[in-house]
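Enquirer: Handing you a structure now.
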Amino acid sequence: MAFIKEESEDLKIEETVRYEDAEQQTDQMHLNEDIEELDDVKEEKDLEEEQHSTSGKTPLGSQTESTSQKTAQSGRAASCFICQQCGKGFSTNRKLNIHMRIHTGEKPFACPQCGKCFAEKGNLKSHMITHEDTGERPHTCELCGKSFSRKRYLDVHMMIHTGEKPCRCEQCGKSFSIKKYLDVHMRIHSGEKPYTCPQCEISFIHKNSLKRHMRIHTGEKPFACPQCGKQFTRTTNLEVHMRVHTGEKPYECEQCGDSFTTHKKLEVHMKTHTREKPYDQREETYDSHTSKKPYICPQCGKHFKHKSTLTLHMRLHTGEKPYTCEQCGKSFSRKDCFESHRRIHMDVKPYICPQCGKDFTLIRSFNLHMRTHTRDKLFTCGQCGKSFVQKCNLDSHMIIHTEERPFVCCQCGKCFRSKSNLKSHMKVHSKESRYMCRQCGTSFPDGGQLRDHVKTHIGEKPYMCLECGRSCTKKTSLKIHMRIHSGEKPFTCLECGKCFSCSKGLKFHLQSHFGINLKMEPITHHST
């Protein structure tokens, strides 16, 4: 997904299980994590090799049919001590105790210099070699210049450039750069999950998966965005989130040039070129990709593809708004609208324009703003040629040409061009003029009108014309003034075709045709 459909960090425990299932399918480890934890993987391997040797088994991928039969027989004879968690057998209790450290996570051997712990003393000794030098990295990659403290780290790194994966799983055909990763992968086929959560008893194949899962219980989100402060449980989620601020889309389609923020979105997009059906042909998901709309609203008859969409739609009829803001009491029918509203109180504006620095609470507001820089105005008036970013703005503009006033006051019959103007007018009848000028006592139905009015007392004119230097108290006044320089005259007389820069000029002109004194509609100016 942005959009930045920003990724959900509030993972539920059952979602972690789904992540583990997906992990079993992909099972890809990033090299930087691999190198950092190579000692840990080696440690597991050493433990398992000892277990295999004591239980009469050879390491995975290296046994022949005849030798496996022999070792199986000797293994059954020698396996007197059985692990209650995974069922493995050992010849001595000491070896069983060493094996149990895989399940318990116990690491009694600690490095005196950096504090890193190990399950076996031999692995601690191997680790101590990293502290013997002064941070020197003598092993350098000739292709990219990256340096490493050990040659085996360089060897693993070189496989990125060569694409070499010599260790192949005989069951599924998947290949790995080193045998240790193949050994870990084999747990998918064996079903072994040695790392168990002590709180909810969910088990995992990888230690890192358990580590990430534990953050659900602790609530820890150690990776924070430096721009908006949003926190994440994983660095990869933070990296994807940062693209919201930078606008980076590193994954480009080679066929059409479209770019995407994540590789997953690119994969879904590529299926539009290959005509591959990206979803299972289950009834519900199939309907969502065809013209079928099986869910019908019983009140208005509208059809929907998804049951969840119908449920949201029904709230329009029932008036149900289950999401209520604790700070201001405002209620919402949809959770996404509620979450967006909460950002107003938190003053969080994560979407920052890279060109002018303006920030926005909502992604859709950010996208609309970006069109002002790209001049991407998709909706054009057929009469005067003026273009707009949004269709609703074009619809409002068209009323100027038609002189249509569809919004009628039920109390006095006065007509208005927009619903907002009618709403402001209705406050006159309800005497709901809560905003009063302290200097002259004039009341206004909304704060925006009062702010504009106060500027007439203090002489403030914050809106300046860049062409001639003239200042205006209101933004709308400056907008009308700018038509003098641009020559724009959007108001056309339907009788003679004469054009005017403002509606007031057209009103006075119409008197020459009809000989009547047309009453002007008061224009409501909202604060921006």
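The sequence shown: position 358 = 358 (UniProt numbering), numbered continuously.
Heads up, the beta-carbon is just placed ideally off N, CA and C, and yes, glycines get one too.
1) For the candidate residues His-161, Asn-123, Gly-122, whose alpha-carbon lies nearest to that of Cys-141?
2) Considering Cα atoms alone, identify which of Pro-354, Arg-451, Lys-125 is closest to Met-436.
3) Measuring straight from C-alpha to C-alpha, what distance separates Tyr-181 and Pro-166?
4) Between which two residues does the alpha helix (DSSP H) containing His-453 stretch?
5) Going straight from the alpha carbon of Gly-163 to that of Arg-150, what length do you get?
6) CA-CA distance, Glu-329 and Lys-335?
7) Within the stretch 126 to 190, note down every full alpha helix (DSSP H) run reaching 4 residues or more, in order along the chain.
8) Which residue's Cα is closest to the Cα of Arg-234: Glu-254, Pro-250, His-213, Lys-249?
9) Tell me which residue opens and which closes the alpha helix (DSSP H) that His-345 is part of.
10) With DSSP as the reference, label Ser-387 as helix, strand or coil.
11) So, at 7 Å on beta carbons, what are the nonlocal neighbours of His-317 in its own chain, with the 5 sequence-adjacent residues on each side left out?
12) Apply the 10 Å Cβ neighbour rule to Met-128 and answer buried if 16 or more other Cβ atoms are within range, or exposed otherwise.
13) Compare the C-alpha of His-217 against each of Asn-208, Cys-197, Gln-227 and name the closest.
14) Would you grab the beta carbon distance between residue 532 and Phe-109 for me? Rounded to a whole angstrom, and I think it's under 8 Å.
15) Do Cys-225 and residue 532 have their beta-carbon atoms positioned less than 9 Å apart in this structure?
16) Name the residue from Lys-264, Met-346, Met-158 whose alpha carbon lies nearest to the alpha carbon of Gly-143.
17) In whole angstroms, give me the CA-to-CA distance for Asn-208 and Glu-201.
18) Between the Cα of Thr-104 and those of Ser-203, Gly-257, Phe-500, spot the shortest distance and give me the residue it belongs to.
19) Are the CB atoms of Cys-337 and Tyr-351 nearer to each other than 9 Å?
20) Which residues in the same chain have their Cβ closer than 7 Å to the Cβ of Glu-239, if we skip the five residues on either side of it in sequence?
21) Can you give the Cα-Cα distance for Gly-89 and Ala-119, rounded to whole angstroms?
22) Please name the residue, chosen from Gly-413, Gln-390, Cys-381, that lies closest to Ile-399 on a Cα-to-Cα basis.
23) Taking the DSSP output, what are the residues bridged to Gln-231?
24) With 16 as the cutoff for other CB atoms within 10 Å, does Lys-264 come out buried or exposed?
25) Report the rounded CA-to-CA distance for Leu-312 versus Glu-320, giving the unit in angstroms.
26) Quick one: Cα of Thr-473 to Cα of His-369, how far?
27) For Met-464, which residues does DSSP report across the bridge?
28) Assign Glu-248 to one of three DSSP states: helix, strand, or coil.
29) Do you know how far the Cα of Cys-412 is from the Cα of Pro-406?
30) Going by beta carbon distance, what residues of the same chain come within less than 8 Å of His-189, once the five residues before and after it are set aside?
31) Between the alpha carbons of Ser-288 and Lys-307, how many angstroms are there, rounded?
32) Between Cys-502 and Thr-492, which are expected to be in contact by the criterion C-beta below 8 Å, what is the C-beta distance as a whole number of angstroms?
33) Taking the C-alpha atoms as reference points, what is the distance between His-481 and His-509?
34) Might you give, ordered along the chain, the residues of its own chain that have their beta carbon closer than 6 Å to the beta carbon of His-513, omitting 5 neighbours on each side?
35) By DSSP's criteria, Ser-331 is part of a beta bridge. Which residues make up the other side?
36) So His-401 and Phe-388 are supposed to be a Cβ contact under 8 Å. How far apart are they, rounded?
Expert: The relevant details are as follows:
1) For the purposes of this step, residue 141 is identified with residue 141 of the sequence shown, where counting begins at 1. For Cys-141, the nearest C-alpha among the options comes from His-161.
2) On the sequence shown, residue 436 is found 436 positions in, with the first residue counted as 1. Nearest C-alpha to Met-436: Arg-451.
3) The residue given as residue 181 occupies position 181 in the sequence shown. The residue given as residue 166 occupies position 166 in the sequence shown. Approximately 11 Å between the Cα atoms of the pair.
4) Start at 1 with the first residue of the sequence shown, and residue 453 comes out as number 453. Unbroken alpha helix (DSSP H) run through His-453: 447 to 458.
5) As a working mapping, residue 163 is identified with position 163 in the sequence shown. As a working mapping, residue 150 is identified with position 150 in the sequence shown. In a straight line, the C-alpha of Gly-163 is about 20 Å away from that of Arg-150.
6) Here residue 329 refers to the residue found at position 329 of the sequence shown. Here residue 335 refers to the residue found at position 335 of the sequence shown. A small correction: the amino acid at residue 329 is Gly; Glu does not occupy that position in the sequence shown. Looking at the two C-alpha atoms, the distance is approximately 15 Å.
7) 151 to 162, 179 to 190
8) Here residue 234 is taken as the residue at index 234 of the sequence shown, counted from 1. The shortest Cα separation from Arg-234 among Glu-254, Pro-250, His-213, Lys-249 belongs to His-213.
9) Counted from its first residue, the sequence shown places residue 345 at position 345. Unbroken alpha helix (DSSP H) run through His-345: 335 to 346.
10) Reading the sequence shown from its first residue, position 387 is the one you call residue 387. Three-state DSSP puts Ser-387 in a strand.
11) On the sequence shown, position 317 is the one that residue 317 refers to. Result list for His-317: Gln-299, in chain order.
12) Stepping through the sequence shown from its first residue, residue 128 is reached at position 128. With fewer than 16 Cβ atoms within 10 Å of its Cβ, Met-128 is classed as exposed.
13) What you label residue 217 is simply residue 217 of the sequence shown in a count that begins at 1. When each option's Cα is compared against that of His-217, the closest is Cys-197.
14) One cannot answer for residue 532 here, as it falls past the ends of the chain, which runs 1 to 528.
15) The structure shown does not extend to residue 532, since the chain is modelled only from 1 through 528, so no value can be given for it.
16) Numbered from its first residue, the sequence shown carries residue 143 at position 143. According to the sequence provided, residue 143 is Leu. The question's Gly does not apply to it. Of the candidates Lys-264, Met-346, Met-158, the one whose C-alpha sits nearest the C-alpha of Leu-143 is Met-158.
17) The residue given as residue 208 occupies position 208 in the sequence shown. The residue given as residue 201 occupies position 201 in the sequence shown. So the two alpha carbons sit approximately 16 Å from each other.
18) The residue given as residue 104 occupies position 104 in the sequence shown. Among Ser-203, Gly-257, Phe-500, the Cα nearest to that of Thr-104 belongs to Ser-203.
19) Reading the sequence shown from its first residue, position 337 is the one you call residue 337. Reading the sequence shown from its first residue, position 351 is the one you call residue 351. Going by C-beta atoms, Cys-337 is not nearer than 9 Å to Tyr-351.
20) Taking the first residue of the sequence shown as 1, we reach residue 239 at position 239. Here the set comprises nothing.
21) Stepping through the sequence shown from its first residue, residue 89 is reached at position 89. Stepping through the sequence shown from its first residue, residue 119 is reached at position 119. Taking the straight line from one Cα to the other gives about 19 Å.
22) Here residue 399 refers to the residue found at position 399 when the sequence shown is read from its first residue. The residue with the shortest Cα to Cα distance from Ile-399 is Cys-381.
23) Position 231 of the sequence shown, counted from the start, is the residue given in the question as residue 231. According to DSSP, which records beta bridges pairwise, Gln-231 is partnered with Ala-224.
24) Within the sequence shown, residue 264 is the residue found at index 264, counting from 1. By the 10 Å Cβ count, Lys-264 comes out exposed.
25) Sequence index remark: in the sequence shown, residue 312 carries index 312 (1-based). Sequence index remark: in the sequence shown, residue 320 carries index 320 (1-based). Their Cα atoms are separated by approximately 9 Å.
26) Position 473 of the sequence shown, counted from the start, is the residue given in the question as residue 473. Position 369 of the sequence shown, counted from the start, is the residue given in the question as residue 369. Straight-line Cα distance between these residues: approximately 24 Å.
27) The count along the sequence shown starts at 1 and reaches residue 464 at position 464. According to DSSP, Met-464 bridges with Ser-471.
28) Numbered from 1 along the sequence shown, position 248 holds the residue referred to as residue 248. Coil.
29) Here the question's residue 406 lines up with position 406 in the sequence shown. Here the question's residue 412 lines up with position 412 in the sequence shown. Pro-406 and Cys-412: Cα-Cα distance of roughly 14 Å.
30) Here residue 189 is taken as the residue at index 189 of the sequence shown, counted from 1. Cβ neighbours of His-189 beyond the five flanking positions: Cys-169, Gln-171, Cys-172.
31) Indexing the sequence shown from 1 puts residue 288 at position 288. Indexing the sequence shown from 1 puts residue 307 at position 307. Reliability fails at Ser-288, whose pLDDT of 44 lies under 50, so the model's placement of it is uncertain and the value that follows must be treated cautiously. Going by the C-alpha atoms only, they are around 11 Å apart.
32) Translated into the one-based positions of the sequence shown, residue 502 becomes position 502. Translated into the one-based positions of the sequence shown, residue 492 becomes position 492. Actually they are not in contact, since the Cβ atoms of Cys-502 and Thr-492 sit about 12 Å apart, beyond 8 Å.
33) Locating residue 481 in the sequence shown gives position 481, where the first residue counts as 1. Locating residue 509 in the sequence shown gives position 509, where the first residue counts as 1. Spanning the two alpha carbons is a distance of roughly 19 Å.
34) Taking the first residue of the sequence shown as 1, we reach residue 513 at position 513. Correct list, in chain order: Glu-495.
35) Locating residue 331 in the sequence shown gives position 331, counting from the first residue. Answer is Thr-324, bridged to Ser-331.
36) What you label residue 401 is simply residue 401 of the sequence shown in a count that begins at 1. What you label residue 388 is simply residue 388 of the sequence shown in a count that begins at 1. So it is not a contact: roughly 14 Å between Cβ atoms.
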